[in-house]
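> Residue numbers (the numbering used here): 2 to 281. Cβ coordinates follow ideal geometry from the N, Cα and C atoms, glycine included.
1. Classify residue 13 as helix, strand or coil using the three-state DSSP reduction.
2. How about the stretch 198 to 207 and the stretch 174 to 181: do they share at least three Cβ pairs that are nearer than 8 Å?
3. Take residue 9 as the anchor and find which of 46, 255, 165 has the nearest alpha-carbon.
4. Counting pairs of Cβ atoms below 8 Å between the stretch 111 to 119 and the stretch 57 to 73, do you hit three or more?
5. Helix, strand or coil, according to DSSP, for residue 111 in the structure here?
6. Determine the DSSP secondary structure at residue 191, reduced to helix, strand or coil.
7. Checking the sheet assignment: what are the DSSP bridge partners for residue 57?
8. By the 10 Å Cβ neighbour count, where 16 or more other Cβ atoms means buried, how is residue 164 classified, buried or exposed?
9. If you draw a straight line from the alpha carbon of residue 95 to that of residue 5, how long is it in whole angstroms?
10. How long is the line joining the alpha carbons of residue 43 and residue 249, rounded to whole angstroms?
11. How many angstroms separate the CA atom of residue 123 from the CA atom of residue 52?
12. Any idea what DSSP makes of residue 225, helix, strand or coil?
13. Are residue 260 and residue 191 touching if we call contact CB-CB under 8 Å?
14. Can you name the residues that DSSP bridges to residue 5?
15. For the beta strand (DSSP E) that residue 169 lies in, which residues bound it at each end?
16. Measuring CA to CA, which of 33, 28, 79 is closest to residue 100?
17. Are the stretch 236 to 250 and the stretch 216 to 224 touching by the rule of at least three beta carbon pairs closer than 8 Å?
18. Assuming residue 82 contacts residue 105 (C-beta within less than 8 Å), just tell me the rounded distance between them.
19. Can you have a look at residue 171 and say buried or exposed, based on whether 16 or more other CB atoms are within 10 angstroms of its CB?
20. Pick helix, strand or coil for residue 334, following the three-state DSSP scheme.
21. Expressed to the nearest angstrom, what Euclidean distance is found between the alpha-carbon atoms of residue 258 and residue 229?
22. Measure the Cβ-Cβ separation of residue 233 and residue 159 and say whether it is below 8 Å.
23. Can you tell me which of the three DSSP states residue 136 falls into?
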């Protein structure tokens, strides 16, 4: 995958020369745009969102220093390379305090830019790999937490955990079990036509209906026991309020499932004052 680079330079000959002479693709870059000054560059940068900005320092209307300051605020992931003349050292120093990635003295040669591009590509590759690793670790952590959450809920349903242990295990998993009333609902999914061939998609359609209805409600916990069976643990402030909530949810599920090829068999437990009492 290539990275995008944007170039800002007020000298037309320099801008077009660098644009046309550098082999951007060789180093893994795509030249995505150019501008003659910072003022004209800003809207283009916002649209292109480049990985790298190469900009001259001294330009009319908006110089490279002000442009770098704005880009650092609005596009913090963008790497900035400053081009400066020998008499612009104070500008270059100020740019460095803004967190620019690199700077080159003018006149800039193709060899100079090639060296910087190689370094930037390696840095961007490393950052992208780190982001992918972090994303993978987060997904794994979420999966592990989801599995631990389902194990806890299943232990409640089968009566394999005490109230104190359930609360201790629930807290780090982000499961709020404290309430005044609890009940369990078991939903069995079957095809309406028992002679029809098995079709995973029909079962999954019903499961997704239930997931979408349950997910926004923090008082309903879902256990995906298997493809054909779902278990809900529900909690509420009073038995009466909990039963009304249960009826509303089940009516919504039944209504949406009518449009599918599946039928539901639903079993409801009675309300209990403790979560560990909901097991059959």
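The relevant details are as follows:
1. Note: residue 13 maps to helix in three-state DSSP.
2. At 8 Å Cβ cutoff, the stretches do not touch.
3. The shortest Cα separation from residue 9 among 46, 255, 165 belongs to 46.
4. The stretch 111 to 119 makes no contact with the stretch 57 to 73, as fewer than three CB pairs between them are under 8 Å.
5. DSSP places residue 111 in helix when its eight states are reduced to three.
6. Reduced to three states, the DSSP call for residue 191 is strand.
7. According to DSSP, residue 57 bridges with 84.
8. Under a 10 Å Cβ-count criterion, residue 164 is classified as exposed, with fewer than 16 other Cβ atoms of the shown protein chains found around its own Cβ.
9. Distance between the alpha carbons of residue 95 and residue 5 is about 25 Å.
10. Distance from the CA of residue 43 to the CA of residue 249, rounded to the nearest whole angstrom, comes to 52 Å.
11. In this structure, the alpha-carbon of residue 123 lies about 13 Å from that of residue 52.
12. DSSP places residue 225 in the strand class (E or B) of the three-state scheme.
13. No, the Cβ-Cβ distance between residue 260 and residue 191 is not below 8 Å.
14. Note: residue 5 sits in a beta bridge opposite 31.
15. Following the DSSP letters along the chain, one finds residue 169 in no beta strand (DSSP E) but inside the alpha helix (DSSP H) bounded by residues 164 to 171.
16. Nearest option by C-alpha distance: 79.
17. By the criterion of at least three beta-carbon pairs nearer than 8 Å, the stretch 236 to 250 is in contact with the stretch 216 to 224.
18. Right, the Cβ-Cβ distance comes to about 7 Å (below 8 Å), so this counts as a contact.
19. When all chains shown are included, residue 171 counts as buried.
20. Residue coverage of the chain in this structure runs from 2 to 281, which leaves residue 334 outside it and unanswerable.
21. Going from the Cα of residue 258 to the Cα of residue 229 covers about 14 Å.
22. No, Cβ-Cβ distance for residue 233 and residue 159 is not below 8 Å.
23. Three-state DSSP puts residue 136 in a helix.
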